[in-house]
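Chains as they are written, first to last, in the working numbering: chain Y, 3 to 226; chain U, 855 to 1390.
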């Protein structure tokens, strides 16, 4: 006999196999999902979920696709949260502290409650990456926030109204565009392609009879 | 944490053999060996799982049974059902799909000065691009060249790729990486700026660029952010259910449906780009899938009904390493990068049974053979599987390598109590990618005038098998390409009277062929809801 668990989906009671994820439990209960379901594997942040185990004072957050149900779990989906996304032209920004002051000044109202970090479905140190953003340390902010899936649970818990995932998104783009070391071999190769350096080589290959291409492929040297 | 005694026993064999296994460099299979293996064990060769199309542009050609049922399915509306004279949206370029290709196209079409409407049935970024983990190929190192990249991809795709498309893919790859870097995508680099690149299955040079094992997510969220920074009109939770043409037979928009309210809407456009992605959620042959929720082949259905030919719709990619255990992540992608950075495939007895970096079709077939004919699989609740010996990675690259290089994998298994730094993981092939799709010209246009296509919905770029890292590349190169050309074309187009006459013609053909598959299409979403005694 399959082990069952009692779950409360939006407060309503259902019995589901205890091996299911929250998302599967919803489907098992008869829900045809449209919202709150994306990659089903922890990458897209569509299925942010808040839950509480009955009797527990602690409110927890997770991704429904990758969290198993627990007995007496009260589940509320958070398929959308109104984050603030400022519009900018990356080419006109400079990676300085003032960028955040202009676009996301509310980060300086952080009261240090750490609710964002406690709520993060990815286990990231959210408050710390916001502190890095405040100081203009975009490389550190980028590194600490890298695994963010932008589900928005952090922001739902923030008394200062910060849109953490969008702050981190900006920091990562500034870091990737302006702070990461320039890649010389890429620049060289792009120029070589523009100059048509490989045209003859590739045309020569394409125009050969199939048997010759097969021969070349089957005997090509493979870098160790 | 494996509690099953048979799994535990097998793990002990894997551990005992690890020190010896790690020194092995298994030879690659010969062309003949690969050929025999594929014919015997690759799912594409199971003839009873395919059917011939009865009518339409690909009449007489074979496609998977599940796809035929949709390609020849019942349309969701008839020509008279919608008011085409009063469109809800008018735009220069309509883009259907909000993944990597759709967003790349939108950015380029906007840059070219066109008005752009992007519709997507879920949210922007809910796409297979978001879930691509391992990386993106580009021949940008001194020991490499686009010609070498061409040779790897052409051979890996069984010499079936459309050469002109593949040439474009490999030639524009370095530029694609530079474009993404300019948008702020954080590729893994050494302190001096050199890209950290690795092998993928079937590559002859280390040209796999990555952003840890969130490569697709990092690219997708950056593209999405850029779309939102531009005056691109985005309408989410809105799917296309039919393409619209004008009285000259040119594609000129689409009938849309609001996924939540079911309201029908009409979008009129000078050019249309289909960027609807793949088909993993059709679960061909009952396979699990690594694909996102919306991967239901909608673009193939819409394009086919409008008269666009498909190329290689009978070739699917089964990623060799889908998670096989625990059940909660059954079918989820275990990135090829796990093998790129040193993990080997090991059977139940602890034996390395193949070179871990053969192409995906070959690796998938070899795993299936190990689990079936050879009886060397580890029994799992869903069937049988082989080990991917992840602890080898840190033995080869030092402690901390897993957290640094494949953090998403560490997290995915960690959530289920498996520490991949110390324990191996169970894998089995999972439905991953649609190699075939709509046939396009090098400018990205399908057989239907003013209908463009980009991304996984396209067939022909990769031939009959795709190499790791060439799909992220494809969505960027051909997404941008479609955006540029659709925008250019839009500047010369005057749309005639809108019509769904092609749909009525399709229905006449279907009736003449006497086909009734019992399914309505496009499918839009999979239906996983368990329904007990529902009120009809």
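Ideal Cβ placement from N, Cα and C applies to all residues, glycine included. What you are looking at is a predicted structure, and each value in this text was computed from that prediction instead of being measured.
Pick from the options that is closest to residue i, judged by C-alpha positions
i	options	result
residue 187/Y	1239/U, 1049/U and 1041/U	1049/U
residue 1302/U	1388/U, 997/U and 1103/U	1103/U
residue 1017/U	202/Y, 208/Y and 111/Y	208/Y
residue 1110/U	1094/U, 1124/U, 1125/U and 1099/U	1094/U
residue 1279/U	1254/U, 1287/U and 1246/U	1246/U
residue 44/Y	1186/U, 1021/U, 1055/U and 1012/U	1186/U
residue 880/U	1284/U, 1346/U, 1168/U and 1208/U	1208/U
residue 213/Y	1205/U, 885/U, 873/U and 860/U	885/U
residue 1105/U	1120/U, 1143/U, 942/U and 1160/U	1160/U
residue 916/U	1340/U, 1305/U, 1166/U and 1262/U	1166/U
residue 150/Y	950/U, 998/U and 1071/U	1071/U
residue 1023/U	1065/U, 1369/U, 1295/U and 1383/U	1295/U
residue 21/Y	111/Y, 52/Y and 69/Y	69/Y
Helix, strand or coil at residue i [DSSP, three-state]
i	result
residue 1096/U	strand
residue 1306/U	strand
residue 1171/U	strand
residue 1391/U	Residue 1391/U is absent from the structure shown; chain U starts at 855 and stops at 1390.
residue 917/U	strand
residue 1041/U	coil
residue 206/Y	helix
residue 212/Y	helix
residue 28/Y	helix
residue 1274/U	coil
residue 1288/U	strand
residue 107/Y	helix
residue 1362/U	helix
residue 883/U	coil
residue 1085/U	coil
residue 97/Y	coil
residue 868/U	helix
residue 1256/U	helix
residue 929/U	strand
residue 1374/U	strand
Short CB-CB distance (under 8 Å) between residue i and chain Y
i	result
residue 1381/U	yes
residue 1286/U	no
residue 1038/U	yes
residue 1004/U	yes
residue 999/U	yes
residue 859/U	no
residue 1025/U	yes
residue 950/U	no
Chain C within 8 Å of residue i, Cβ atoms only
i	result
residue 23/Y	The structure shown contains no chain C; its protein chains are Y and U.
Contacts that residue i makes with chain Y (C-beta to C-beta distance below 7 Å)
i	result
residue 1290/U	Within 7 Å Cβ-Cβ: nothing; residue 1290/U doesn't reach chain Y, min ~20 Å.
residue 1076/U	175
residue 995/U	187
residue 1028/U	188, 191, 192 and 195
Bridge partners - residue i, DSSP secondary structure assignment
i	result
residue 1112/U	1092/U
residue 1241/U	1200/U and 1280/U
residue 1127/U	949/U and 1306/U
residue 1051/U	1063/U
residue 1165/U	1291/U
residue 861/U	According to DSSP, which records beta bridges pairwise, residue 861/U is partnered with nothing at all.
Interface residues of chain U facing residue i [CB-CB closer than 8 Å]
i	result
residue 6/Y	Result: empty, since nearest Cβ-Cβ is about 14 Å, beyond 8 Å.
residue 17/Y	Under the 8 Å cutoff, chain U gives no residues; its nearest Cβ is about 12 Å from residue 17/Y.
Listed by chain order, chain Y residues near residue i by CB distance under 8 Å
i	result
residue 1393/U	Absent from the structure is residue 1393/U, since the part of chain U shown begins at 855 and ends at 1390.
residue 1043/U	182, 183 and 185
Chain U within 8 Å of residue i, Cβ atoms only
i	result
residue 187/Y	yes
residue 121/Y	no
residue 105/Y	no
residue 90/Y	yes
residue 130/Y	no
residue 164/Y	no
residue 54/Y	no
residue 213/Y	no
residue 156/Y	no
residue 59/Y	no
residue 152/Y	yes
Chain-ordered chain U contacts of residue i [CB-CB under 7 Å]
i	result
residue 87/Y	1082
residue 224/Y	1058
residue 142/Y	Those within 7 Å of residue 142/Y in chain U number zero; the least Cβ separation is about 13 Å.
Amino acids of chain U, ordered along the chain, whose beta-carbon sits closer than 9 Å to that of residue i
i	result
residue 80/Y	Chain U residues near residue 80/Y: none, gap ~14 Å exceeds 9 Å.
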